[in-house]
Amino acid sequence: MELIKRNNPLARPVRVLQFGEGNFIRAFMDWMVDRLNRLTDFNGAVRIVKPRSGGTACQKLNVQDGLCHVVLRGIEDGKVIETPELIECVKDCLDPIDDWDKIVKTARSPELRFVFSNTTEAGIEYRAGADTFPAKVARLLAERAKTGLPGLVFLPCELIENNGGTLRDCILKYLEGDSTATEYVLRECIFCNTLVDRIVAGFPKNDAERYFKTLGVEDQMLVCGEPFFFLAIEAPADIQKELPTAAAGLNVVFTQDLSPYRTRKVRFLNGAHTSSVLGAHLAGLTFVDEMVRDKTFGAFLRKVLFEEVLPTIALSEAEKRAYAESVLERFANPYAEHRLLSIALNSTSKWRVRVLPTLLDYIKIFGKLPPCLTQSMAFLVDFYRTCEFQDTPEVAEFFARKPTLHEILSNTDFWGMDLTQIDGFETEIKKGLRDS
Numbered sequence: 003m004e005l006i007k008r009n010n011p012l013a014r015p016v017r018v019l020q021f022g023e024g025n026f027i028r029a030f031m032d033w034m035v036d037r038l039n040r041l042t043d044f045n046g047a048v049r050i051v052k053p054r055s056g057g058t059a060c061q062k063l064n065v066q067d068g069l070c071h072v073v074l075r076g077i078e079d080g081k082v083i084e085t086p087e088l089i090e091c092v093k094d095c096l097d098p099i100d101d102w103d104k105i106v107k108t109a110r111s112p113e114l115r116f117v118f119s120n121t122t123e124a125g126i127e128y129r130a131g132a133d134t135f136p137a138k139v140a141r142l143l144a145e146r147a148k149t150g151l152p153g154l155v156f157l158p159c160e161l162i163e164n165n166g167g168t169l170r171d172c173i174l175k176y177l178e179g180d181s182t183a184t185e186y187v188l189r190e191c192i193f194c195n196t197l198v199d200r201i202v203a204g205f206p207k208n209d210a211e212r213y214f215k216t217l218g219v220e221d222q223m224l225v226c227g228e229p230f231f232f233l234a235i236e237a238p239a240d241i242q243k244e245l246p247t248a249a250a251g252l253n254v255v256f257t258q259d260l261s262p263y264r265t266r267k268v269r270f271l272n273g274a275h276t277s278s279v280l281g282a283h284l285a286g287l288t289f290v291d292e293m294v295r296d297k298t299f300g301a302f303l304r305k306v307l308f309e310e311v312l313p314t315i316a317l318s319e320a321e322k323r324a325y326a327e328s329v330l331e332r333f334a335n336p337y338a339e340h341r342l343l344s345i346a347l348n349s350t351s352k353w354r355v356r357v358l359p360t361l362l363d364y365i366k367i368f369g370k371l372p373p374c375l376t377q378s379m380a381f382l383v384d385f386y387r388t389c390e391f392q393d394t395p396e397v398a399e400f401f402a403r404k405p406t407l408h409e410i411l412s413n414t415d416f417w418g419m420d421l422t423q424i425d426g427f428e429t430e431i432k433k434g435l436r437d438s
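Read in this note's numbering, the sequence shown has 328 at position 326, and its numbers run on one by one without any break.
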């Protein structure tokens, strides 16, 4: 079977320079650009730059003329779907060393407007003398500043808070001493904070041959993801006109304050995971979709989402409820094969970030403990006492000493506060333990 190839050269101008060729950004941002091209007048191609040399993904993409399929599979509106889409917007993928002159030429192009990135959470960093992703961008912006062209709009997808602002600050550090480029970045460039939300499974090894047969071509860069798509962008109003996502029917929110959407994702999606998976594992379950279908834990999840998390989120009732329903559908995805134990990694720090703030806000609102979120701490204590777990050396050493419940709850290094000071909390946890 032949590899997928273009019949005609890609004629669209390169409007997006993208750092990162991984599964997520191709199934998220490139998928979005392809929708914009097909359904609006966006008319832009994407030129990908590898953040660092090495790997084979870039070479595979170039062999396929930038083409790849994204297969959206999962549950949508209660129905199982499996839909392959050909992504045609990628022009090519360049190496930061071998193709640097071509990358600079692109940065100096009047047609370029956007920069996307997904270089892992550690990618946006300043290290003096190191050729990091922000260092490369700083060099490119210094070149563009010489042209007098308008600045660029940055949409980083790295999962860190204030990702746009952090990227800007790193770039400015690399530009210290170059007043012209620094002024250009501050005056002309726009760095948007973003929140991305789609579960992307990657290349489907077990189903690849079936897909190749169905598509009639071999696609070594095929990637699978869930149907759910959400992007929140903290940006000036004019950017919404340049990215006509509403006209393409995309689930994109432009906002002046990203925090409610970040809180929504962390508390609903991540918090529901962290509050339930340890208990489900202790009960003998293996996968998240199995947990959703289980009578006991399915009911537990619904109480967490609709009765305990939902009241603490500062969004409209309809918006919160719709998102909670979508979380249940996503958890029930039969294709995900999401293991409970993979989510259980580093559960102490996850509980502190994903569950504790909701628990405290619930107490402020209702003046009492949320039963399920409180029980989630009992699950955690039982799990760390009786199961093999993966966590930091400090956590492992602490539980190896077989601490008492009081010692666990009062460990301020873990929780950032003494949980025994929460009225009635220690008593309820003691009741919820398996050996109580």
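Cβ coordinates follow ideal geometry from the N, Cα and C atoms, glycine included.
Exposed or buried, what is residue i when buried is set at 16 or more other beta-carbons lying within 10 Å of its beta-carbon?
i: Gln377; result: buried
i: Gly125; result: buried
i: Lys404; result: exposed
i: Thr58; result: exposed
i: Lys243; result: exposed
i: Pro136; result: buried
i: Pro336; result: exposed
i: Asp79; result: exposed
i: Lys352; result: buried
i: Gln66; result: buried
i: Leu347; result: exposed
i: Arg141; result: buried
i: Asn208; result: exposed
i: Asn9; result: exposed
i: Cys389; result: exposed
i: Lys52; result: buried
Closest to residue i by C-alpha separation, out of the options, would be which residue?
i: Thr406; options: His71, Thr149, Asp437 and Arg141; result: Asp437
i: Leu188; options: Asn165, Glu160, Ala210 and Val155; result: Val155
i: Arg17; options: Asn9, Ala109, Pro11 and Thr149; result: Ala109
i: Leu177; options: Asp291, Phe193 and Glu145; result: Glu145
i: Gly150; options: Asp103, Thr182 and Val290; result: Thr182
i: Gly418; options: Val357, Phe231 and Arg387; result: Val357
i: Pro373; options: Leu382, Val383 and Leu361; result: Leu361
i: Leu197; options: Asn9, Phe205, Pro359 and Phe256; result: Phe256
i: Lys432; options: Glu399, Cys389, Leu382 and Val82; result: Leu382
i: Ala316; options: Pro359, Pro262 and Met34; result: Pro262
i: Lys366; options: Ile424, Leu271, Cys172 and Ala239; result: Ile424
i: Ile173; options: Phe232, Ala130, Arg212 and Arg295; result: Ala130
i: Ser111; options: Trp102, Asn253, Pro152 and Thr134; result: Pro152
i: Arg212; options: Cys60, Glu84 and Ala285; result: Glu84
If the criterion is Cβ atoms closer than 8 Å, does the pair residue i and residue j meet it?
i: Ser277; j: Leu375; result: yes
i: Arg28; j: Lys93; result: no
i: Cys226; j: Ala203; result: yes
i: Phe118; j: Met223; result: no
i: Cys91; j: Asn64; result: no
i: Asn2; j: Phe26; result: Within the shown structure, residues of the chain are numbered from 3 to 438, placing residue 2 beyond reach of any answer.
i: Arg266; j: Tyr325; result: yes
i: Phe391; j: His340; result: no
i: Thr429; j: Leu411; result: no
i: Ala320; j: Arg37; result: no
i: Arg170; j: Phe205; result: no
i: Phe416; j: Arg354; result: yes
Work out the CA separation of residue j and residue i for me, nearest whole Å.
i: Leu287; j: Lys297; result: 12 Å
i: Asn397; j: Thr350; result: Just to set this straight, residue 397 is Val in the shown sequence, not Asn. The straight-line gap from Cα to Cα measures roughly 8 Å.
i: Gly24; j: His283; result: 31 Å
i: Gly167; j: Lys305; result: 36 Å
i: Ile105; j: Phe302; result: 52 Å
i: Arg323; j: Pro11; result: 45 Å
i: Pro229; j: Gly76; result: 6 Å
i: Arg200; j: Leu69; result: 21 Å
i: Asp393; j: Glu113; result: 47 Å
i: Arg54; j: Phe21; result: 9 Å
For residue i, which residues of its own chain have a beta-carbon under 7 Å away from its beta-carbon, when the five flanking residues on both sides are left out?
i: Met3; result: Phe214, Val219 and Glu220
i: Glu217; result: Position check: residue 217 holds Leu in this sequence, whereas Glu was assumed. Result list for Leu217: His71 and Pro86, in chain order.
i: Asn195; result: Asn164, Asn165, Gly166, Gly167, Glu236 and Leu260
i: Phe116; result: Arg17, Val18, Leu154, Val155 and Leu157
i: Lys138; result: Pro98
i: Lys175; result: Tyr128
Only counting the same chain, and skipping five residues up and downstream in sequence, which positions put a Cβ closer than 8 Å to that of residue i?
i: Ala274; result: Leu303, Val306, Leu307, Val311, Val329 and Phe333
i: Asn39; result: Arg14, Asn45, Gly46, Glu90 and Cys91
i: Met293; result: Ser278, Val279, Ala282, Leu287, Phe299, Gly300, Leu303, Phe333 and Leu342
i: Asp180; result: Ala144
i: Asp43; result: Pro246
If we cut at 8 Å on Cβ distances, does residue i have a partner in chain B?
i: Tyr263; result: Protein chain content of the structure displayed is limited to a single chain, and chain B is not contained in it.
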